[in-house]
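Asker: One structure is given below, represented as structure tokens, and several questions about it will come after.
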Amino acid sequence: MTQLFLVLASLNGFLSVALGAFAAHGLRGRLSAELLSTFQTGVQYHMYHALALFGVGLLTLNYPAASLPKVSGYLFLAGILLFSGSLYLLSLTGVRWLGAITPLGGLAFLAGWGTLAWFALNPR
Numbered sequence: 075m076t077q078l079f080l081v082l083a084s085l086n087g088f089l090s091v092a093l094g095a096f097a098a099h100g101l102r103g104r105l106s107a108e109l110l111s112t113f114q115t116g117v118q119y120h121m122y123h124a125l126a127l128f129g130v131g132l133l134t135l136n137y138p139a140a141s142l143p144k145v146s147g148y149l150f151l152a153g154i155l156l157f158s159g160s161l162y163l164l165s166l167t168g169v170r171w172l173g174a175i176t177p178l179g180g181l182a183f184l185a186g187w188g189t190l191a192w193f194a195l196n197p198r
């Protein structure tokens, strides 16, 4: 399980840097300032949670039997897909209803951090 979260962290870190570079060099001038900012918000939260996945990988290394770090890792991954993914798609397509998905990703991020706090208070 440790390897899974470290691989997910690495791939998501890579993707967030690649997408950030794509936005800075490939989308500037093609998107409005508002949509470019929306895309960059997706990149920012993507990177934050790639780092969170790395932390989860380290926790699973030290607490291999604990389930809460794994749950938080899956919640972070869901948040990346829903939050950042919806912002990327909204920016690139202009389809506004995709913004309705973004808060679900935010809730997944919050649940992931809450689960980590719960684990920190009760490491099992």
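If you use this note's numbering, the sequence shown closes out at 198, no skipped numbers anywhere. From the three backbone atoms N, C-alpha and C, an ideal C-beta is built for every residue, glycine too.
Between Y137 and S106, what straight-line distance do the alpha-carbon atoms span, to the nearest angstrom?
Answerer: Those two C-alpha atoms are separated by around 46 Å.
Asker: Helix, strand or coil: which one does DSSP assign to R104?
Answerer: Here R104 sits in coil by DSSP.
Asker: Are there three or more Cβ pairs, one per stretch, closer than 8 Å when the segment 89 to 101 is compared with the segment 141 to 150?
Answerer: Not touching, per the Cβ criterion.
Asker: In chain order, which alpha helix (DSSP H) runs of at least 4 residues are fully inside the segment 89 to 171?
Answerer: Segments of the alpha helix (DSSP H) lying fully in the segment 89 to 171: 107 to 136, 142 to 153 and 159 to 167.
Asker: Going by beta carbon distance, what residues of the same chain come within less than 8 Å of L135, once the five residues before and after it are set aside?
Answerer: Excluding sequence neighbours, L135 sits near T76.
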